[in-house]
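Protein sequences, first through last, are from chains A and B. Each residue of the first sequence is one higher than the one before, counting from 151 in the working numbering. Each residue of the second sequence is one higher than the one before, counting from 151 in the working numbering. One structure is given here, and the rest of the page talks about it.
Protein chains: 2
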Amino acid sequence: MQRSPLAPSVFPSLIPVNGVTLSTLAAGIKYPDRDDMMLAVFEPGTTAAGVFTKSLTAGAPVHCCRRNLKTGTARAVIVNSGNANAFTGRRGDLHVMQTCDAVADTLGCDSSDVFVASTGVIGELLPIDKVLDGIPELYSGLCDDHWEASAKAIMTTDTFAKGATVQTSIGGQSVVISGFAKGSGMIAPDMATMLAFIFTDAAIPANILQELLVETNNVSFNSITVDSDTSTSDTCLLFATGGACNSVPSSIEDNDFSLFRKALCELMEDLAVQVVRDGEGASKLIKVTVSGANTDDAAKTVAKSIANSPLVKTAIAGEDANWGRVVMAVGKSGELADRDKLKIKMGGILITQNGQVIEGYDESLVTEHLKGQEITIDADLGIGSGSSIVWTCDLTHGYVEINADYRS
Amino acid sequence: MQRSPLAPSVFPSLIPVNGVTLSTLAAGIKYPDRDDMMLAVFEPGTTAAGVFTKSLTAGAPVHCCRRNLKTGTARAVIVNSGNANAFTGRRGDLHVMQTCDAVADTLGCDSSDVFVASTGVIGELLPIDKVLDGIPELYSGLCDDHWEASAKAIMTTDTFAKGATVQTSIGGQSVVISGFAKGSGMIAPDMATMLAFIFTDAAIPANILQELLVETNNVSFNSITVDSDTSTSDTCLLFATGGACNSVPSSIEDNDFSLFRKALCELMEDLAVQVVRDGEGASKLIKVTVSGANTDDAAKTVAKSIANSPLVKTAIAGEDANWGRVVMAVGKSGELADRDKLKIKMGGILITQNGQVIEGYDESLVTEHLKGQEITIDADLGIGSGSSIVWTCDLTHGYVEINADYRS
């Protein structure tokens, strides 16, 4: 698979997180000659938060993570690529339990402190022997600098590894956040993207960590879409080891906490946009901003209607300034709109107002913008103060190519 | 544009409808060297019914039709292709009024008895002089056998003309229904498909005609989707001239009326499926049947979730029996489902039950079915008695090709 033209030039150098060790392995689950398992182990005392797909046919690992999150503590997360362990019936559930038990035995911890995620083909049984056999080798390979290898091990059709890192502080004490994620099709996350794992050495109680993740997820992974299809495996987990020994925040609104909150938000947005940059077949990154809606939720519905429209996405792929399709997508969203108040811009250039194209509209300026790799579409509904940003990519021959025979 | 591989071999010979005359013209609105205007004129006493896009950015002609439907009577419908007259502001509204007035003057009827429909690019002003100049020539060319020419004149990216005809009876009196429609992108009708015009010589009061159209539209044009994008121009009009002098039905439930009702339903389904057969880039027709849902509406939501999934549609294009994507689409629909009760069939072959793939599943049988041109997907949710059928087509390179530069 060719590397996405929208890929960043290098994988960022992720700062190790005090209390986190990582290991990867080529277990031969589906892909030959590459790592396809990842284990991260945390110091005792680590707290955990998670958001998951809203799919009613969610995979077995998602159910397990939801259960294990109840205690708010974590000692490990184990991940495989190449097989989603979704729609695999009671045997799939059993395989997840066996995996948790084996990791717990190895670490000497409780099974409920082990989290599991799987990504890949839906409906095939996990080769559980390969998974279980891999655990001792994964354990013996743990060290604090396997970040890029871990980001690579969880990839499926991704063409580049996605990571982000930031140093910030809580109450004057320096803390680190590092994380990685994978896409890159079946991306219209309804709680989180397919898989994302974020680690910090900050000390943060589990209930605050969860509140923080829901908030930041909403404007990052829940604000991207590649193809409008929601995965059965969407999982975003955030672990806080406490290794930084910062003063513990008393609530999400704690003043000492504001820098961290902002830094986490930016890191998650960075990872989410990387997922879109690697959207299957993507040749252009599209940022859709909707303002002037009745509410923020209404703005997001309209933004997703634009971002998910195959006709908008193919027009952008063809560098065709067909703004009429943006009008169509606003109209079909079901949210309140008024033809005569709608303003549309592409590349910052005003195209419509008063219910029609502006006088003296010069399409060549918009066409020039569309030749670039980073496209902006702004729709101001002009009826309220709700706003939202959604990122997507264009719909190209590459998408059809990749998905017409994904399993072969 | 190459003719769709799913096209019927010939345009059916439409039976003339007593009280209807038709005419077409090459007015040069957008396409060179082909008819792009159509006028149908009806005898006095004709009743009319209509269903339209639910888009909040609907085109000017849609607003006009909605207004003129209030009287329940009709004398003419005038249609152009190549320009949707949508999002054209107050000048667009004015152009529709000028068109109605000009046709009304020519016929000597009331402007409110004239219906207008436009299809094509959104956001460009209609070349109104060409439209108005064409009316006298259209009028002088009216005759009762221009059916195929009319079906062709309303085409945009359609690769074949779509028509259907049936002879039935009301209370023993023979009556005729003939109609034509056009697609073929931006097809996820929310009240009707882009354009469809159906004519009968039956005598049917306007209120009954409207009730009948809503009922039959729901299981025909409202049950198809090509690309999940809802047009600003969707219009389906049904005209009844009364030329057959049948006994007038007293209600939609009238016993004498049951044959006609069934015949109309079949004719509309026929036209709707023709629109899907000409879906942009379509190489396979897909019939999605959902049963065992809580309600018929829930079944339709699930069926549309499957039919609109780019991942399901690209898998079918690639003749890949990736049924896991059907599971995904059921899960993301938001409707109640139970993994362990869901049964999925493709080509009538049972693939899953009890929450996993069946024992001894032979994928080669499903792959063989997928090599054909008419694909069936059945999902039995196993929790109720609601059911629904939705037709769609696959998502191919052809779709991207056509839409990446539609306007050039």
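Think of the CB as a built atom: it goes at the ideal place given N, C-alpha and C, for glycine as much as any other residue.
query                                                                                                                                         : result
Cutoff 7 Å; reference cysteine 543 of chain B; Cβ partners in own chain excluding five residues on either side                                : Val376, Val426, Gly429, Ala432, Lys434, Leu435, Ile436
Buried versus exposed call for methionine 247 of chain A [16 or more other C-beta atoms within 10 Å across all chains shown]                  : exposed
Where leucine 276 of chain A meets chain B, residues with beta-carbon distance less than 7 Å                                                  : Per Cβ cutoff of 7 Å: no residues; leucine 276 of chain A is ~12 Å from chain B at best.
7 Å Cβ shell around valine 364 of chain B - same chain, five flanking residues per side excluded                                              : Val201
Heavy atom of the ligand COA within 7 Å of leucine 520 of chain B beta-carbon                                                                 : Only the bare structure without any ligand can be found here, which leaves the ligand COA out of the picture.
Threonine 566 of chain B at chain A interface by Cβ criterion, 8 Å                                                                            : The structure shown does not extend to residue 566 of chain B, since chain B is modelled only from 151 through 558, so no value can be given for it.
Where the beta strand (DSSP E) through glutamate 524 of chain B begins and ends                                                               : 524-530
Min CB distance alanine 342 of chain B to chain A below 8 Å                                                                                   : With a pLDDT of only 43 at alanine 342 of chain B, under the threshold of 50, the placement of this residue in the model should not be trusted, and no figure is reported.
From B:Arg153, B:Ala413, B:Gly322, residue whose alpha carbon lies closest to that of asparagine 367 of chain B                               : B:Ala413
Check whether threonine 256 of chain B and threonine 223 of chain B have beta carbons under 8 Å apart                                         : no
Straight-line gap, leucine 359 of chain A to serine 268 of chain B (C-alpha atoms, nearest Å)                                                 : 55 Å
Backbone CA spacing between leucine 492 of chain B and threonine 207 of chain A [nearest angstrom]                                            : 10 Å
Limits of the unbroken beta strand (DSSP E) element including cysteine 543 of chain B                                                         : 536-543
Buried versus exposed call for lysine 332 of chain B [16 or more other C-beta atoms within 10 Å across all chains shown]                      : buried
Option nearest leucine 244 of chain B by Cα separation, candidates B:Gly270, B:Val281, B:Ala226                                               : B:Val281
8 Å Cβ cutoff, alanine 529 of chain B in contact with chain A                                                                                 : no
For serine 455 of chain B, the three-state DSSP class (helix, strand or coil)                                                                 : helix
Range covered by the beta strand (DSSP E) that runs through phenylalanine 265 of chain A                                                      : 264-271
Inter-residue Cα distance where the pair is glycine 474 of chain B and asparagine 458 of chain B                                              : 15 Å
Pairwise C-alpha distance: aspartate 379 of chain B and valine 476 of chain A                                                                 : 11 Å
Cβ of glutamine 506 of chain B within 8 Å of any chain C Cβ                                                                                   : Chain labels in this structure do not include chain C; the protein chains are A and B.
Under the three-state DSSP convention, the category alanine 342 of chain B falls into                                                         : Summary for alanine 342 of chain B: the model assigns pLDDT 43, below 50, so the residue's position carries little reliability, and this model does not support an answer.
Alpha carbon of valine 326 of chain B to alpha carbon of serine 205 of chain A, nearest angstrom                                              : 48 Å
Presumed contact (8 Å Cβ cut-off) between phenylalanine 349 of chain A and valine 170 of chain A, rounded CB distance                         : 5 Å
Inter-stretch contact (C-beta, 8 Å, three-pair minimum) for the region 231-243 of chain B and the region 175-186 of chain B                   : yes
With 16 other Cβ atoms within 10 Å as the buried cut-off, status of cysteine 386 of chain B                                                   : buried
Contact the region 492-509 of chain A vs the region 408-423 of chain A: 3+ CB pairs below 8 Å                                                 : no
Distance between beta carbons of threonine 315 of chain B and leucine 164 of chain B, contact taken as under 8 Å                              : 4 Å
7 Å Cβ cut-off: residues of chain A touching tryptophan 473 of chain B                                                                        : Gly273
Contacting positions in the region 234-255 of chain A - beta carbon closer than 8 Å to chain B                                                : Ala234, Ala236, Phe237, Thr238, Gly239, Arg240, Arg241, Gly242
Where leucine 206 of chain B sits in the DSSP three-state scheme                                                                              : coil
Length-filtered (4 minimum) alpha helix (DSSP H) runs lying within the region 299-329 of chain A                                              : none
The region 517-535 of chain A in contact with the region 440-458 of chain A per 3-pair CB rule at 8 Å                                         : yes
Reduced DSSP category for alanine 422 of chain A - H, G, I as helix; E, B as strand; rest coil                                                : helix
Cut-off 8 Å between Cβ atoms - residues of its own chain near isoleucine 402 of chain B, not counting five sequence neighbours on either side : Ile358, Glu361, Leu362, Glu365, Arg411
Minimum Cβ-Cβ distance from lysine 482 of chain B to chain A less than 8 Å                                                                    : yes
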